[in-house]
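Numbering (our numbering), first residue to last: 359 to 714.
Beta carbons: idealized from backbone N, C-alpha and C, even for Gly.
Take a look at the structure below.
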């Protein structure tokens with residue numbers, strides 16, 4: 359005798375607990391879909407127990423908008439919005455084959471009808487709740503997370519900094535390094551020797567043939583002693599270099615106000631500068647986070663992305679400034695200064711131009 363939480367499959371007589379996708383998996387083992395099962399056993403309670411709110415919504419909209427329904431002429435099943443995936447999966451027919459057989463019928467709604475279906479079925483129902491959920495969510499790496507807990511903006515900024523410092527220390531710990539190594543090696547990496555060996559059912563030595571440069575270093579490597587041309591090097595760095603939103607906004611603003619072309623991500627004496635104005639003006643956009651503004655961060659603060667502490671960042675920036683200031687006129691703009699007074703930033707660049 360079955361419990362009240364079980365239903366009987368009419369195909370095999372097995373008692374199934376209808377939760378966790380078990381009904382769908384069970385029907386798949388018989389090689390039938392839910393629709394086919396319902397057609398064969400209309401009185402069965404198996405599918406009624408797992409009918410979702412989405413399915414009920416579909417049935418309601420089918421009754422209210424019969425013109426939104428597309429019927430498959432092969433099996434008489436009804437669908438919303440498109441038949442293309444159904445006829446390909448169930449009947450092994452392309453759209454052209456289907457139309458050759460049944461004439462120039464509609465296989466997919468587009469345009470206004472498609473937008474109306476989406477609006478009725480999804481957008482109006484979930485858009486507001488999704489926005490509310492997104493606004494309500496926050497992470498310890500965001501100031502709003504701490505402000506909601508009652509802290510001031512200044513306290514929240516310090517707590518975010520502390521959270522990032524602890525996160526960076528954890529990621530740089532021995533256990534953190536082992537975790538990161540596990541992601542890039544072994545079975546978890548699709549291109550590791552272990553994965554290649556398992557996927558192709560070959561030995562580790564044979565797997566090396568799929569990656570001939572794996573483990574080849576020094577003079578044995580075909581690129582040993584060769585260098586990229588300046589043009590190729592510039593292209594590589596430009597495509598991989600991170601450009602912050604602040605840097606883009608600053609250079610766009612200066613270009614528009616000065617009516618001058620500023621060369622961006624420009625290569626200069628072994629450095630890549632944010633902006634360069636011919637003949638010798640360098641513009642550097644120092645973001646609060648990426649350059650660890652000393653007014654905001656202590657020297658032991660660690661950047662969670664670059665894994666460098668503030669002192670290392672300052673030393674690198676100082677070396678860059680020292681190397682370039684001998685030949686070029688430098689204009690360094692901090693993000694905080696930019697937000698407070700754009701006019702003074704523009705004036706500094708104009709003075710640099712006049713100085714040249």
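- Around the Cβ of residue 447, a 10 Å sphere holds fewer than 16 other Cβ atoms; the residue is exposed.
- Nearest Cα to residue 587 within the set 532, 625 and 368: 625.
- By the 16-neighbour rule on beta-carbons within 10 angstroms, residue 537 is exposed.
- The Cβ-Cβ distance between residue 514 and residue 654 does not fall below 8 Å.
- Just so you know, the alpha carbons of residue 425 and residue 474 end up roughly 12 Å apart.
- By the C-beta density criterion, residue 523 is buried, having at least 16 other C-beta atoms within 10 angstroms.
- For residue 629, the pairing in a beta bridge is given by DSSP as 626.
- For residue 633, the number of other beta carbons within 10 angstroms of its own is at least 16, and it is reported as buried.
- Just so you know, the alpha carbons of residue 714 and residue 649 end up roughly 27 Å apart.
- DSSP assignment within the segment 491–528 yields the following whole alpha helix (DSSP H) runs of 4 residues or more, N-terminal first: 501–505.
- Around the Cβ of residue 452, a 10 Å sphere holds fewer than 16 other Cβ atoms; the residue is exposed.
- Just measuring C-alpha positions, the residue of 527, 437, 441 and 637 sitting nearest residue 710 is 637.
- Residue range 687–692 is occupied by the beta strand (DSSP E) that includes residue 691.
- The segment 657–665 makes no contact with the segment 691–706: fewer than 3 CB pairs, one atom from each, lie closer than 8 Å.
- Residue 465 is a Cβ neighbour of residue 441, given a cutoff of 8 Å.
- By the neighbour-count definition (other C-beta atoms within 10 Å, threshold 16), residue 372 is an exposed residue.
- If you check the CB distance, residue 643 and residue 616 do not come in under 8 Å.
- Per DSSP, reduced to three states, the secondary structure at residue 401 is coil, with no helix or strand assignment.
- In this chain, the beta strand (DSSP E) harbouring residue 641 covers 639–644.
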